[in-house]
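Read through the structure below, which is laid out as structure tokens, and then see the notes.
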Amino acid sequence: SPFLSEHENEVIYGKCNNVWSHGHNYNVEVTVRGPVNPLTGMVMNLEDLKDCMQKVLMDKMDHKNIDKQVDYFHKTVSTTENVAIYIFNELKKHMSNPELLYEVKVHETDKNVMCFRGEYDENVPAAS
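Numbering (the UniProt record's numbering), first residue to last: 1 to 128.
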């Protein structure tokens with residue numbers, strides 16, 4: 001994090017702390033929910049969802065140093081949590097029915113997974 005000292009970064013981020021940056025190959029799951037259209041049998045046409053995911057994930061993030069090449073991460077630390085929040089919010093901007101977006105799940109590794117489902121209680125204190 002550019003907002004922390006070198007020592008603080010080492011303590012908080014451990015092996016992920018690297019002044020030269022480090023990369024991940026994220027796997028992303030997107031879940032929609034809503035009523036099933038009786039004519040189409042779908043909540044959302046998956047081709048439309050794929051188009052939105054292409055615009056947000058592949059066009060903006062794939063093979064990119066997101067800290068340097070995605071404006072959002074110039075001022076936001078690129079943790080898996082913030083990557084999930086970014087993807088969720090960007091997908092909503094591209095969806096014709098954004099209320100159908102239920103969850104974005106980002107797999108940093110097989111064991112490190114972050115889910116984001118949109119708005120949350122801002123009165124809950126952040127973890128230390």
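We treat Cβ as the ideally placed atom computed from N, Cα and C, and that holds for glycine.
Own chain, CB closer than 7 Å to residue i, minus 5 neighbours either side, in chain order
| i | result |
| --- | --- |
| residue 52 | 91, 94, 95 |
| residue 30 | 49, 53, 91, 104 |
| residue 55 | 94 |
| residue 109 | none |
Same chain only: Cβ atoms within 6 Å of residue i, ignoring 5 sequence neighbours per side
| i | result |
| --- | --- |
| residue 114 | 80, 81, 84, 106 |
| residue 72 | 86 |
| residue 88 | 104, 116 |
Straight-line gap, residue i to residue j (C-alpha atoms, nearest Å)
| i | j | result |
| --- | --- | --- |
| residue 117 | residue 7 | 33 Å |
| residue 39 | residue 46 | 15 Å |
| residue 44 | residue 101 | 10 Å |
| residue 65 | residue 23 | 8 Å |
| residue 97 | residue 33 | 11 Å |
| residue 36 | residue 58 | 28 Å |
| residue 70 | residue 60 | 7 Å |
| residue 112 | residue 25 | 12 Å |
| residue 63 | residue 75 | 20 Å |
DSSP state of residue i mapped onto helix, strand, coil
| i | result |
| --- | --- |
| residue 102 | strand |
| residue 215 | Within the shown structure, residues of the chain are numbered from 1 to 128, placing residue 215 beyond reach of any answer. |
| residue 24 | coil |
| residue 70 | coil |
| residue 83 | helix |
Beta-carbon contacts of residue i that lie in its chain and below 8 Å, excluding the five residues immediately before and after
| i | result |
| --- | --- |
| residue 27 | 106, 107 |
| residue 41 | none |
| residue 99 | 34 |
| residue 120 | none |
Subject >> Length at least 4, wholly inside the stretch 34-64: the alpha helix (DSSP H) runs in chain order >> reply: Taking only runs of at least 4 residues, the alpha helix (DSSP H) segments lying wholly in the stretch 34-64 are 46-53.
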